[in-house]
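Position 197 of the sequence shown, counted from 1, bears residue number 197 in UniProt numbering, the numbering being contiguous throughout.
Virtual Cβ for every residue (Gly too), placed ideally from N, Cα, C.
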Amino acid sequence: MSTTSRALTGTAEHPVLTLDRTVAAREEELLSAVLDPARLARWYGHLEGHLAAVGDETAVQLSEDPADRARARLLTLEPGLLRLAWTWQDEPESVITARWHEDADGLTLHLDHAFAEPRHLAGYGGGWEQVLQALLRELGAAEADAPSDEEIEEQAVATWRHLAAHPVEVAVQLPAPPEEVWEQLASAEGVARWWWNQWQGVEVTADVRPGGSYRIAAPAQGITISGEVLAVDPVSRLSGTWVWADEDGTSVDEAAEIRLRPDGEGTALTVRHTGPFDAGSDQPENYRQGWEFTLGQLESLLSP
């Protein structure tokens, strides 16, 4: 059974929604479902024009409701990559990025939606999960016992609201310029110099590029953090999914984003860690303390 994984990154004002799903389908089937106007209309909407070249625009009729119309402008079209500027009704323009690749496990679909404001986050989250289910049906890859589209959308809206409700935010000042801080964040060798350096035998691997992966393990303690790298803006922004695994279990739908900006001769570093954290639970405070302690190790490394 394949499940949808979720990540919420960006900032409170400009959130980024991410969905990942691996399905039993071929890339050629996906391209047919997306590029054939008749098939696209069955599971998504009717395009009133063509998106053949960068800069092309079209209206999209999403349902029988005349007001349910959007406009799309093609920003990027490459093998395995589609990026659109998107507006629905009078909302601010946002950017949708879809990536896909095929391997031995099937077809992996990855979608990012970067918003200009936060008001529509949960609604789009629910909508995208319902659209994904419709695409799976078109591909013949939907599970027989899947909930109805309405149930999927309703539950997903609640899930995305939950993910946005209780972020962990930590800010520290570091005694080095952003370029030096970035060197310690954006490679396995750099992270290994400070992360969990109170323990022996910590293992770090990292492929720091969008779509790459990372893993930090403390075998003696039975703890592993791993995930997919989502965004890399050198010297300013690094984000990824976050999967914490220990004897108590494995986390789901968590993500973390680190941002750097110059601050005098040093760097202001902020972390925003999101997940399905419940109000009143210990988890957000535990993460806050963990980030503060671990970033203190980075500060010690950078101190003269």
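Who does residue i pair with in a DSSP beta bridge?
i	result
H46	Q61
Y214	A206, G227
R69	Q61
S239	A231, E257
D103	G106
H113	L17, I96
A25	A25 is not bridged to any residue.
E78	L81
L174	T267
A245	T224, T250
Residue i to residue j, Cα distance in whole Å?
i	j	result
D36	R26	16 Å
E151	I96	24 Å
A85	H120	15 Å
R288	L302	21 Å
T18	D149	19 Å
A12	F115	10 Å
M1	R21	Any reading at M1 needs caution, since the residue's pLDDT is 46, under 50, leaving its predicted position unreliable; the model's value is listed next. M1 and R21: Cα-Cα distance of roughly 11 Å.
T222	G190	Here residue 222 turns out to be Gly, not Thr, going by the sequence shown. Spanning the two alpha carbons is a distance of roughly 22 Å.
L295	T108	33 Å
T159	V243	17 Å
D246	A72	44 Å
D207	Y214	6 Å
G102	V23	With the sequence shown as reference, residue 102 is identified as Glu, and Gly is not the correct amino acid for it. Spanning the two alpha carbons is a distance of roughly 10 Å.
G127	V202	41 Å
R261	R161	29 Å
D56	I258	34 Å
Look up residue i in the DSSP assignment and say whether it is helix, strand or coil.
i	result
V95	strand
T274	strand
W195	coil
A144	coil
D36	coil
M1	Note that M1 scores 46 on pLDDT, short of 50, meaning its location in the model is unreliable; the coordinates nonetheless yield the value given after this. It is coil, neither helix nor strand.
H166	coil
T9	strand
A279	coil
Q289	helix
L51	coil
G264	coil
P15	strand
V131	helix
residue 312	Outside the displayed span of the chain (1 to 304) sits residue 312, for which this structure offers no information.
L295	helix
G201	coil
A122	helix
A156	helix
What whole-angstrom Cβ distance do residue i and residue j have, given they're in contact under 8 Å?
i	j	result
P167	R272	6 Å
L111	L74	The Cβ separation is near 16 Å, so there is no contact.
Y44	V131	6 Å
W195	Q89	So it is not a contact: roughly 45 Å between Cβ atoms.
A146	Q133	6 Å
A231	T4	A231 to T4, Cβ: 20 Å. No contact.
Report yes if the C-beta of residue i is less than 8 Å from at least one heavy atom of the ligand COA; otherwise report no.
i	result
S5	Judged by which ligands are present, the structure shown has none, so any question about the ligand COA falls away.
Worksheet item: Is the stretch 210 to 226 in contact with the stretch 171 to 178, if contact means three or more CB pairs nearer than 8 Å?
Response: no
Discussion item. With three or more beta-carbon pairs closer than 8 Å as the criterion, would you say the stretch 234 to 251 touches the stretch 175 to 194?
Written reply: Counting Cβ pairs under 8 Å, three or more are found: they touch.
Practice prompt. Could you tell me whether the stretch 250 to 265 touches the stretch 275 to 294, where touching means 3 or more Cβ pairs closer than 8 Å?
Written response: yes
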